[in-house]
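Okay, so the sequence shown: first residue is 75 according to the numbering used here, each after it adds one.
Cβ coordinates follow ideal geometry from the N, Cα and C atoms, glycine included.
A quick note: this is a predicted structure, and the numbers were derived from the prediction, not measured.
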Amino acid sequence: MSDPGDWLKVVDDEGTEWSLDAAFLRSNWACIWGAGCKGIEATPDETSILGCCSVGAELLDDDEAMRIAALAATIDHAHLQFADELAAGGPYVEPSFGDRRHTRVVDGACIFLNRKDFARGAGCALHAEAIRSGESITDWKPAICWQLPIRVERPAEGAATLRAWSRADWGPEGDTMAWCCTEQAEAHVGEVPVVVSLREELTALLGEDAYAAASRALADGGVSPA
Numbered sequence: 075m076s077d078p079g080d081w082l083k084v085v086d087d088e089g090t091e092w093s094l095d096a097a098f099l100r101s102n103w104a105c106i107w108g109a110g111c112k113g114i115e116a117t118p119d120e121t122s123i124l125g126c127c128s129v130g131a132e133l134l135d136d137d138e139a140m141r142i143a144a145l146a147a148t149i150d151h152a153h154l155q156f157a158d159e160l161a162a163g164g165p166y167v168e169p170s171f172g173d174r175r176h177t178r179v180v181d182g183a184c185i186f187l188n189r190k191d192f193a194r195g196a197g198c199a200l201h202a203e204a205i206r207s208g209e210s211i212t213d214w215k216p217a218i219c220w221q222l223p224i225r226v227e228r229p230a231e232g233a234a235t236l237r238a239w240s241r242a243d244w245g246p247e248g249d250t251m252a253w254c255c256t257e258q259a260e261a262h263v264g265e266v267p268v269v270v271s272l273r274e275e276l277t278a279l280l281g282e283d284a285y286a287a288a289s290r291a292l293a294d295g296g297v298s299p300a
C-alpha cells in the first residue's frame, strides 16, 4: 500500500537519522483484530480471533524476557485466562530459533492472549493491564507486539528505517500466510491516518521532537494530525 519512493527524513535527539515510510504514515491502515482479521496462519480464520498472536511473541533478549515475566506476575489472575498454567510453574517464555525466545504458546496462541470465550473479554492481557494501570502499552508488551505493524531496521550506526511490515518480513512463514494486513485493502479503514492512530508507538520510537517534526511534515503534505 506504500509508494517505496515516498520517504520522510527526521533526526531524533540522539542524532539518529530516520527514514520514514511517509505513504504508510499517511494511510488509513488500522488494526482490525476481531473485526475481520484473517490471522497469519495458512488458512483464513476470522472466527477464532487470534490475529497475529497465533505464534508466541519473539523477545528481544533476556532483559525483555525477565521484564515481561515480572510484569505478568503482577496481573490479577482473574484477568488471565491461562493463569492456572502459569501458576502450575510453566514458563512464560520458551526457546524459539537459535538463541531467540518467544512467549509460550498455549492452545494455538500466545499464553497472554485471552480468547473470545474468556469471561473478562478477549485480548492481550498485558495490553489490558497497561490500560487498567494507566500506563503505556510500550512499557508492558514485548517490543515486537506494540510496534506491529511498524517495522524498524537499523542498517548502520546513526541510521534507521521505519516502514510497514510486509509479507516478506515474516520470512518463510510469509509465503503461507492467509493474508498480510498491511497489504490488504480490508485493513485500510481507519478514521485517521497512521501518524495519528499510532502516535504513542511512534513517539516511543522517535522521541517527542522527531515525532512532532514528522507530524508537521506530513500535515504539510496533506495530513492533518490531531
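Distance, residue j Cα to residue i Cα
i: SER289; j: LEU280; result: 11 Å
i: GLY89; j: GLY232; result: 7 Å
i: CYS127; j: PHE98; result: 23 Å
i: HIS151; j: ALA286; result: 39 Å
i: ALA261; j: MET140; result: 33 Å
i: ILE149; j: ALA143; result: 10 Å
i: ASN102; j: VAL266; result: 6 Å
i: VAL84; j: ASP283; result: 9 Å
i: HIS176; j: ALA157; result: 18 Å
i: TRP220; j: ASP294; result: 28 Å
i: ASP181; j: TRP92; result: 39 Å
i: GLU209; j: VAL268; result: 21 Å
i: ARG241; j: ALA230; result: 23 Å
i: GLY245; j: ALA217; result: 18 Å
i: LEU187; j: ARG178; result: 11 Å
i: ILE106; j: ASP86; result: 31 Å
i: ASP80; j: ALA234; result: 16 Å
i: GLU247; j: LEU82; result: 30 Å
i: VAL129; j: ARG273; result: 26 Å
i: ASP191; j: GLU159; result: 17 Å
i: GLY108; j: GLN258; result: 16 Å
i: ALA155; j: ASP249; result: The sequence as given places Gln at residue 155; Ala does not occur at that position. Near 32 Å, if we compare the C-alpha coordinates of ASP249 and GLN155.
Beta-carbon proximity check, residue i vs residue j, cutoff 8 Å
i: HIS57; j: ALA202; result: Past the edges of the chain, shown from 75 to 300, lies residue 57, and the structure says nothing about it.
i: CYS255; j: PRO223; result: yes
i: ASP95; j: LEU292; result: no
i: LEU134; j: LEU200; result: no
i: TRP239; j: ARG225; result: yes
i: GLY113; j: LEU124; result: yes
i: ALA116; j: GLY264; result: no
i: PRO118; j: ALA204; result: no
i: ALA278; j: THR212; result: yes
i: ALA196; j: ARG189; result: yes
With 16 other Cβ atoms within 10 Å as the buried cut-off, status of residue i
i: LYS215; result: buried
i: THR121; result: exposed
i: ALA131; result: buried
i: ALA193; result: exposed
i: GLU275; result: buried
i: ARG100; result: buried
i: SER27; result: In this structure the chain extends from 75 to 300, so residue 27 is not present and cannot be described.
Helix, strand or coil at residue i according to DSSP, with G and I counted as helix
i: GLU132; result: strand
i: GLY245; result: helix
i: SER93; result: strand
i: GLY197; result: strand
i: ASP77; result: Confidence in ASP77 is poor, its pLDDT being 48 and thus under 50, which makes the residue's placement too unreliable to answer from.
i: GLU227; result: strand
i: ARG189; result: coil
i: HIS262; result: coil
i: CYS111; result: coil
i: ARG273; result: helix
i: THR177; result: strand
i: THR235; result: strand
i: CYS184; result: strand
i: LEU145; result: helix
i: LEU124; result: coil
Proximity test, residue i beta-carbon vs the ligand SAH heavy atom, cut-off 7 Å
i: LEU200; result: As for the ligand SAH, it is missing from this structure, which has no ligand bound.
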